[in-house]
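Engineer:
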Amino acid sequence: DAPALAALSPDSSWIHDSWGGPEGLAASGHAWAAVDRGGRVAAVACSYFTGQTYEDVAVLTAPERRRERLALACVTALCADVAARGRTASWSCSRDNRPSRLLAWTAGFRLHREYVQYVTGKALAPPRTSTDVPA
1 DAPALAALSP
11 DSSWIHDSWG
21 GPEGLAASGH
31 AWAAVDRGGR
41 VAAVACSYFT
51 GQTYEDVAVL
61 TAPERRRERL
71 ALACVTALCA
81 DVAARGRTAS
91 WSCSRDNRPS
101 RLLAWTAGFR
111 LHREYVQYVT
121 GKALAPPRTS
131 TDVPA
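If you read the sequence shown in our numbering, its first letter stands for residue 1, the second for the next number, and so on.
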């Protein structure tokens, strides 16, 4: 639900960014979450990008709730919904994200290809110019 998603830490807000925020994700019908008795999200899986053929899966697990198979349960339910919508679930993650790759494998995904990821946005440091280098 939206309040539980809104209560996620700022570092976790990426999970609902593609839906315009927690309310958008909660209303989308494209997410499954494991919520504890206190109303906190333990794990959530959602369609992060949706196209005509594919829905790319995103998943988040609270650090203290890892290794409880909650993310797997959320991903499994989400993938069933994706299939019911007549689409194919896809999974993208960096090559170095071993936990994500293992979860994907356990959920039944198989490696199709690896890719190089380019990112735009604010630079971490200003680019060096020839005037920055001592002669």
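Positions of the beta carbon are idealized from the N, C-alpha and C atoms, including for glycine.
Quick caveat: nothing in here was measured; it's all calculated off a predicted structure.
1. Should T53 go down as buried or exposed, given a rule of 16 or more other Cβ atoms within 10 Å for buried?
2. Is the closest heavy atom of the ligand FAD to the C-beta of A27 under 8 Å?
3. Considering only C-alpha positions, which residue in the set H30, L111 and G121 is nearest to V59?
4. Roughly how many whole angstroms lie between the Cα atoms of A7 and A43?
5. With DSSP collapsed to three states, give me the class of R14.
6. Starting from V75 and walking both ways along the alpha helix (DSSP H), at which residues does that stretch end?
7. On a CA-only basis, which of E114, G38 and T106 is nearest T76? Give me that one, please.
8. When the Cα atoms are used, what is the spatial distance from R37 to A4?
9. According to the neighbour-count rule (16 or more other Cβ atoms, all chains shown, within 10 Å of its Cβ), is S94 buried or exposed?
10. To the nearest angstrom, how far is the alpha carbon of P10 from that of G86?
Structural biologist: On the basis of the coordinates in this document:
1. Exposed, since its Cβ has fewer than 16 Cβ neighbours within 10 Å.
2. The ligand FAD is absent from the structure shown, which contains no ligand whatsoever.
3. With distances taken between Cα atoms, V59 lies closest to H30.
4. Each residue's Cα considered, the two are about 13 Å apart.
5. Checking the displayed sequence, the identity of residue 14 turns out to be Trp instead of Arg. The answer is helix: DSSP assigns W14 an H, G or I state.
6. Looking at the DSSP string, the run of the alpha helix (DSSP H) that includes V75 is L70 to A84.
7. Relative to T76, the option among E114, G38 and T106 whose CA is nearest is T106.
8. Looking at the two C-alpha atoms, the distance is approximately 11 Å.
9. S94 should be labelled exposed.
10. Answer to the nearest angstrom: the Cα atoms are 33 Å apart.
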